[in-house]
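What follows is a set of notes on a single structure, which appears directly below.
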Amino acid sequence: MEFMSSEPRFIVNNMLGTLARWLRMLGYDTVYDRDAEDWEIIRRAELEGRYIITRDRALHHKAIRSGVRSIYIPDTDMATRLAYIALLAGIKLYIDPEKTRCPEDNTPLIKVNRESVRGKVPEAVYRLYSDFWVCKRCGKVYWVGSHWKMIEEILGKAREKLGELKLKLTLR
Ligand SMILES: [Zn+2]
0 MEFMSSEPRF IVNNMLGTLA RWLRMLGYDT VYDRDAEDWE IIRRAELEGR
50 YIITRDRALH HKAIRSGVRS IYIPDTDMAT RLAYIALLAG IKLYIDPEKT
100 RCPEDNTPLI KVNRESVRGK VPEAVYRLYS DFWVCKRCGK VYWVGSHWKM
150 IEEILGKARE KLGELKLKLT LR
């Protein structure tokens, strides 16, 4: 049963769409609903065992009062945001292509044969790369392309930041 899985799951409220995409890339089941009311977010988090991630202090405090786990995200860069979530919810700051989810719709990606994406990706990409993943829901094809360097750079910074945060806690 997915509910019993030990991997943390998240519900992210508006203003944090990019963060939701990152969590999905890292392989974490992440709901992002722009139009949900606070009570809907809190109820869903409770029912599905999700952490709330928000920049909304009122929602954060309501969640805590309701006994729902919530992480308030400070106004800072993506690497630091990810480091906070790693500290508080134990996410791993590495991308595992076998676990990664579609950043658009949260569906786990499936590795496919190279031949099957021919014509669905630019010819140059097809020639250059051998590993491809597909989202069954939206049909988007993914590969470890040039944007990978930027992703690895931010994750590297996040891991460094996590080290600093942990050190601060032990020195307290
Ligand atoms: Zn998709």
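Every letter in the sequence shown is one number past the one before it in numbering that gives the first Met the number 0, and letter 18, counting from 1, is 17.
The beta-carbon is built from N, C-alpha and C at its ideal position, and this holds for glycine as well.
For clarity, every value in this text was computed on a predicted model and none was experimentally measured.
Exposure of residue i, with buried meaning 16 or more beta-carbon neighbours within 10 Å
| i | result |
| --- | --- |
| D104 | exposed |
| A123 | exposed |
| M0 | For M0, the predicted model reports a pLDDT of 43, less than 50, meaning its position is unreliable and no value from the coordinates is stated. |
| M14 | exposed |
| A62 | buried |
| T29 | buried |
| D34 | exposed |
| R136 | exposed |
| L108 | buried |
| D74 | exposed |
| D95 | exposed |
Among the options, nearest to residue i - alpha-carbon criterion
| i | options | result |
| --- | --- | --- |
| C134 | R171, Y125 and R100 | R100 |
| R126 | G138, K110, K160 and G144 | G144 |
| R161 | W142, I84, I94 and P121 | The sequence shown places Leu at residue 161, rather than the Arg named in the question. Per the Cα distances, I84. |
| M77 | E163, L166, K156 and L164 | K156 |
| A82 | I153, V111 and G138 | I153 |
| V116 | E97, D95 and K139 | K139 |
| I52 | F9, Y93, G66 and K91 | F9 |
| T106 | S5, R23 and P96 | R23 |
Beta-carbon proximity check, residue i vs residue j, cutoff 8 Å
| i | j | result |
| --- | --- | --- |
| R80 | L18 | yes |
| R43 | P102 | no |
| F131 | W142 | yes |
| G26 | K110 | no |
| E45 | V67 | yes |
| L92 | I70 | no |
| G48 | Y31 | no |
| L58 | I72 | no |
Where the beta strand (DSSP E) through residue i begins and ends
| i | result |
| --- | --- |
| K110 | I109 to V111 |
| I52 | R49 to T53 |
Extent of the continuous alpha helix (DSSP H) to which residue i belongs
| i | result |
| --- | --- |
| Y125 | E122 to L127 |
| I150 | W147 to L170 |
| T17 | G16 to M24 |
| I70 | Counting along the chain, I70 falls outside any alpha helix (DSSP H), though it belongs to the beta strand (DSSP E) covering S69 to Y71. |
Residue i CB to nearest heavy atom of ligand 2 below 7 Å
| i | result |
| --- | --- |
| D76 | Among the ligands modelled here, namely ligand 1, ligand 2 does not occur. |
Fill in: Residues surrounding ligand 1 [beta-carbon distance to nearest heavy atom under 6 Å]
C101, E103, D104, T106, C134, R136, C137 and K139
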